[in-house]
Amino acid sequence: MQTRYVCQQCGRVTPKSFGRCPQCGAWGSMVEEVVQAAAPEHAAQPRGLGGRSAPRRLSEIEGDHEERLHVPIGEFARVLGGGVVPGSIVLVGGDPGIGKSTLMLQMAVQMAHQLRVLYVSGEESERQIKMRAARLTDGVKGAQYPAELFLVTETNMATILEHVAEVKPQMLIVDSIQTVYLPDLQSTAGSVTQVRDCSGRLRELAKSSGIAVFVIGHVTKEGVIAGPRVLEHIVDTVLYLEGERFLSFRLLRSVKNRFGATSEVGVFEMGERGMEEVSNPSEAFLAERLASAAGSAIAVTMEGTRPLLVEVQGLTSHTNFGNPRRTPNGIDLNRLMLVAAVLTRRAGYNLSEQDIFVNVVGGLRVVEPAADLAVAVSIASSMRDLPVRADVALIGEIGLSGELRWVGQMNARLNEAAKLGFKAAIIPRRIRRSEPYPKGIEVIEVRSLREALHHALVVEAGKDH
Numbered sequence: 238m239q240t241r242y243v244c245q246q247c248g249r250v251t252p253k254s255f256g257r258c259p260q261c262g263a264w265g266s267m268v269e270e271v272v273q274a275a276a277p278e279h280a281a282q283p284r285g286l287g288g289r290s291a292p293r294r295l296s297e298i299e300g301d302h303e304e305r306l307h308v309p310i311g312e313f314a315r316v317l318g319g320g321v322v323p324g325s326i327v328l329v330g331g332d333p334g335i336g337k338s339t340l341m342l343q344m345a346v347q348m349a350h351q352l353r354v355l356y357v358s359g360e361e362s363e364r365q366i367k368m369r370a371a372r373l374t375d376g377v378k379g380a381q382y383p384a385e386l387f388l389v390t391e392t393n394m395a396t397i398l399e400h401v402a403e404v405k406p407q408m409l410i411v412d413s414i415q416t417v418y419l420p421d422l423q424s425t426a427g428s429v430t431q432v433r434d435c436s437g438r439l440r441e442l443a444k445s446s447g448i449a450v451f452v453i454g455h456v457t458k459e460g461v462i463a464g465p466r467v468l469e470h471i472v473d474t475v476l477y478l479e480g481e482r483f484l485s486f487r488l489l490r491s492v493k494n495r496f497g498a499t500s501e502v503g504v505f506e507m508g509e510r511g512m513e514e515v516s517n518p519s520e521a522f523l524a525e526r527l528a529s530a531a532g533s534a535i536a537v538t539m540e541g542t543r544p545l546l547v548e549v550q551g552l553t554s555h556t557n558f559g560n561p562r563r564t565p566n567g568i569d570l571n572r573l574m575l576v577a578a579v580l581t582r583r584a585g586y587n588l589s590e591q592d593i594f595v596n597v598v599g600g601l602r603v604v605e606p607a608a609d610l611a612v613a614v615s616i617a618s619s620m621r622d623l624p625v626r627a628d629v630a631l632i633g634e635i636g637l638s639g640e641l642r643w644v645g646q647m648n649a650r651l652n653e654a655a656k657l658g659f660k661a662a663i664i665p666r667r668i669r670r671s672e673p674y675p676k677g678i679e680v681i682e683v684r685s686l687r688e689a690l691h692h693a694l695v696v697e698a699g700k701d702h
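The sequence shown begins at 238 in this note's numbering and counts up one residue at a time.
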């Protein structure tokens, strides 16, 4: 019996404990594990993808056009890159209660109409899963479920592999990887060693048999998949299910995909029948907008290849403290402070005594700088109590000199705005002429933030602009 210490963040193994991991610098992440030496007769057992391999010429290998398995859930297929690749392993992570198990059960039920699916749960019994499936199918008593969907409650990885050999599924779903363990290891389920080795076994299974494997993973309080980061390197695709628990919208985001585009997003709405697809998310995000209210502006942001129109709300209020607050919800705090500083120095807005609150409606988080102009206009609108033009969309990055800078995929953004009925868009002036702007929307090119505010704000009679 030997004792070692493993970092829960990066998987670094050390012979003694450290308060701070010497590799990733995380505090309090070293966990003690007891390792039992393997028996001599097991030392030479082959591991890997079957234990035998042979080099082959690239021209001799088949699979130039991989046939994907059709996914009936369109938003899920979009994030995966068009469908499920046989032999791939996909990691689905998210906060507790966000809807990971619900979404995967919905997919299992629908995929079982075309292929054999094995759903392995380490957290719920078969009866609990059946109750949830009944709720997803309108609660019809005696509802007909696909005959090729198999359920089992099991946490022993060796037993799970036996079930796979018996059922011979084409798709395997494991919920969750933190509950599965290998009996050969002395550490508890969810530890770094267990998560890493169990994921390795599932990878070997997928690559050697062609089974599409989906693994559900928990998320830590820092917002990353629990366990070592090597888990994300083992799998082919990493999906995050994001959203506020008290809001209905959920975003399925791809952060790694070996078979498709990264940063792709699928939009769902949590309802009584589980996860429902949102085919037009921009329209859903703007459904409750009060166009005549001051402090409301429309930004056009890109989520992967999809343009989304979102409402950005700004509010300024005279501070009662020495240091005014900057409170963002859905955007980065440093980005908000930069925009506020440019408004103060370059546009003449005295925000040094104003608390500033900015909110992206719908629980969406905007990380790209193309929303800078919408943030600035919403703050200026609230500061002057002037509404923003209801039919205008705002696109552009703000520089420290008060200039507006060009952003990518402009025509896709303008097309989405025109499709939703916006008559005009304020964008940075382009220096190099390329493809023409789309028809059906007036494009207002400006060079500075001051000029953009002049076109965006609706000045009432008797008020100075």
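Beta carbons: idealized from backbone N, C-alpha and C, even for Gly.
Treat the numbers as computed from the prediction; the structure is a model and nothing was measured.
Could you name the residues of the same chain whose beta carbon sits closer than 7 Å to that of residue 279, not counting the 5 residues immediately before and after it, in chain order? Your numbering for residue 279 matches position 42 in the sequence shown. Residue placement at residue 279 cannot be trusted, given a pLDDT of 43 that sits under 50; what the coordinates show is reported in the next sentence. If we look at residue 279 and ignore the five residues flanking it on each side, it has no Cβ neighbours.
Applying the 10 Å Cβ sphere with the 16-neighbour rule, what's the burial state of residue 395? Numbered from 1 along the sequence shown, position 158 holds the residue referred to as residue 395. The residue in question, residue 395, is exposed, as its Cβ has fewer than 16 Cβ neighbours within 10 Å.
Going along the chain, which residues of its own chain have a beta-carbon closer than 6 Å to the beta-carbon of residue 599, five neighbours each way excluded? Numbered from its first residue, the sequence shown carries residue 599 at position 362. Excluding sequence neighbours, residue 599 sits near 486, 522.
What residues are listed by DSSP as bridge partners for residue 382? As a working mapping, residue 382 is identified with position 145 in the sequence shown. In the DSSP output, where bridge partners are listed per residue, residue 382 has none listed.
With contact counted as at least three CB pairs below 8 Å, one residue from each stretch, are the segment 525-534 and the segment 614-633 in contact? yes
Let me check understanding here. Comparing Cα to Cα, which of 510, 511, 549 lies closest to residue 525? Walking along the sequence shown from the start, residue 525 turns up at place 288. The shortest C-alpha separation from residue 525 is found at 549.
Contact between the segment 501-510 and the segment 302-318 is defined here as three or more beta-carbon pairs at a separation below 8 Å; is this criterion met? yes
Assuming residue 567 and residue 537 are in contact, meaning their beta carbons sit under 8 Å apart, how far apart are those beta carbons, in whole angstroms? For this step, residue 567 is matched to residue 330 along the sequence shown. For this step, residue 537 is matched to residue 300 along the sequence shown. That pair is no contact at about 15 Å.
Ordered along the chain, which non-local residues of its own chain (more than five positions away) have a Cβ less than 7 Å from that of residue 469? Looking up residue 469 in the sequence shown gives position 232. Cβ within range, chain order: 328, 462, 475, 493.
List the DSSP bridge partners of residue 414. Position 177 of the sequence shown, counted from the first residue, corresponds to residue 414. None, per the DSSP bridge assignment.
Note the first and the last residue of the continuous alpha helix (DSSP H) segment covering residue 688. Within the sequence shown, the letter at position 451 stands for residue 688. Note, residue 688: alpha helix (DSSP H), 686-693.
Is residue 650 buried or exposed, if buried means 16 or more other CB atoms sit within 10 Å of its CB? For the purposes of this step, residue 650 is taken as the residue at position 413 of the sequence shown. Classification of residue 650: buried, given that the 10 Å Cβ count is 16 or more.
Residues that residue 350 bridges to, as DSSP identifies them: Taking the sequence shown and counting its residues from 1, one reaches residue 350 at position 113. DSSP, once it has assigned bridges, lists no residue as partnering residue 350.
Could you pull out every unbroken alpha helix (DSSP H) segment of at least 4 residues lying fully inside the segment 462-528, listed in chain order? 467-471, 518-522
Can you pull the DSSP bridge partners for residue 622? Within the sequence shown, the letter at position 385 stands for residue 622. Bridge partners of residue 622: none, in fact.
Bridge partners for residue 455 per DSSP, in chain order? Residue mapping note: residue 455 aligns to position 218 of the sequence shown, counting from 1. DSSP, once it has assigned bridges, lists 331 as partnering residue 455.
Under the three-state DSSP convention, the category residue 393 falls into: Here residue 393 is taken as the residue at index 156 of the sequence shown, counted from 1. DSSP places residue 393 in strand when its eight states are reduced to three.
Assign residue 570 to one of two classes, buried (16 or more other C-beta atoms within 10 Å of its C-beta) or exposed (fewer than that). One-based indexing of the sequence shown puts residue 570 at position 333. Burial call: exposed.
Could you have a look at residue 594 and say whether DSSP puts it in helix, strand or coil? By one-based count along the sequence shown, residue 594 stands at place 357. Residue 594 falls in the strand class under three-state DSSP.
Here's the rule I'm using: 16 or more other beta-carbon atoms within 10 Å means buried, otherwise exposed. How should residue 645 be labelled? Walking along the sequence shown from the start, residue 645 turns up at place 408. Burial call: exposed.
Can you round the beta-carbon distance between residue 589 and residue 561 to whole angstroms, since I take them to be within the 8 Å contact cut? Taking the first residue of the sequence shown as position 1, residue 589 is located at position 352. Taking the first residue of the sequence shown as position 1, residue 561 is located at position 324. At roughly 7 Å, the Cβ-Cβ gap stays under 8 Å, so residue 589 and residue 561 are in contact.
Please state if the CB of residue 686 and the CB of residue 623 are separated by a distance shorter than 8 Å. Mapped onto the sequence shown, residue 623 falls at position 386. Mapped onto the sequence shown, residue 686 falls at position 449. Their beta carbons are not under 8 Å apart, which means residue 623 does not touch residue 686 by this criterion.
Considering Cα atoms alone, identify which of 244, 353, 372 is closest to residue 405. Position 168 of the sequence shown, counted from the first residue, corresponds to residue 405. Measuring from the Cα of residue 405, the nearest candidate turns out to be 353.
Tell me which residues share the same chain as residue 448 and place their Cβ nearer than 8 Å to its Cβ, disregarding the 5 neighbours each side in the sequence. Indexing the sequence shown from 1 puts residue 448 at position 211. Counting only Cβ-Cβ distances below 8 Å, and skipping sequence neighbours, we find 323, 324, 401, 406, 407, 408, 409, 442.
Let's see if you can read the secondary structure: which residues bound the beta strand (DSSP E) around residue 627? Translated into the one-based positions of the sequence shown, residue 627 becomes position 390. First-last for residue 627: undefined, no H or E at that position.
I'd like the span of the beta strand (DSSP E) that includes residue 563, first residue to last. Along the sequence shown, read from residue 1 onward, the residue named residue 563 stands at position 326. 563-566 is the extent of the beta strand (DSSP E) around residue 563.
Just the Cα atoms here: how many angstroms apart are residue 633 and residue 488? Along the sequence shown, one-based indexing puts residue 633 at 396. Along the sequence shown, one-based indexing puts residue 488 at 251. Computed Cα separation, rounded: 24 Å.
Taking all protein chains shown into account, do 16 or more other C-beta atoms lie within 10 angstroms of the C-beta of residue 291, making it buried, or fewer, making it exposed? Within the sequence shown, numbered from 1, the residue matching residue 291 stands at position 54. When all chains shown are included, residue 291 counts as exposed.
For residue 282, which residues from the same chain have a beta carbon less than 7 Å from its beta carbon, with the 5 sequence-adjacent residues on both sides left out? Within the sequence shown, the letter at position 45 stands for residue 282. Because the pLDDT of residue 282 is 46, which lies under 50, any placement of that residue in the model is unreliable, and the number read from its coordinates should be weighed accordingly. Here the set comprises nothing.
In the DSSP assignment, the beta strand (DSSP E) including residue 538 goes from what residue to what residue? Position 301 of the sequence shown, counted from the start, is the residue given in the question as residue 538. Counting along the chain, the beta strand (DSSP E) containing residue 538 begins and ends at 533-540.
I'd like to check one pair, residue 270 with residue 243: are the Cβ atoms closer than 8 Å? One-based indexing of the sequence shown puts residue 243 at position 6. One-based indexing of the sequence shown puts residue 270 at position 33. In contact: residue 243 and residue 270 (Cβ atoms closer than 8 Å).
When we look at the beta-carbon of residue 337 and count the other beta-carbons within 10 Å, is it buried (16 or more) or exposed? Start at 1 with the first residue of the sequence shown, and residue 337 comes out as number 100. Result: buried.
Just the C-alpha distance for residue 611 and residue 631, rounded to the nearest angstrom, thanks. The residue given as residue 611 occupies position 374 in the sequence shown. The residue given as residue 631 occupies position 394 in the sequence shown. Rounded to whole angstroms, residue 611 to residue 631 spans 5 Å at the Cα level.
Under the rule that 16 or more other beta-carbon atoms within 10 Å means buried, what is residue 298, buried or exposed? As a working mapping, residue 298 is identified with position 61 in the sequence shown. Exposed, since its Cβ has fewer than 16 Cβ neighbours within 10 Å.
Quick check on residue 589: does DSSP put it in helix, strand or coil? Numbered from 1 along the sequence shown, position 352 holds the residue referred to as residue 589. If DSSP states are grouped into helix, strand and coil, residue 589 belongs with coil.
DSSP state of residue 360, grouped into three classes? Here residue 360 corresponds to residue number 123 of the sequence shown, with the count starting at 1. Of the three classes helix, strand and coil, the one that applies to residue 360 here is coil, per DSSP.
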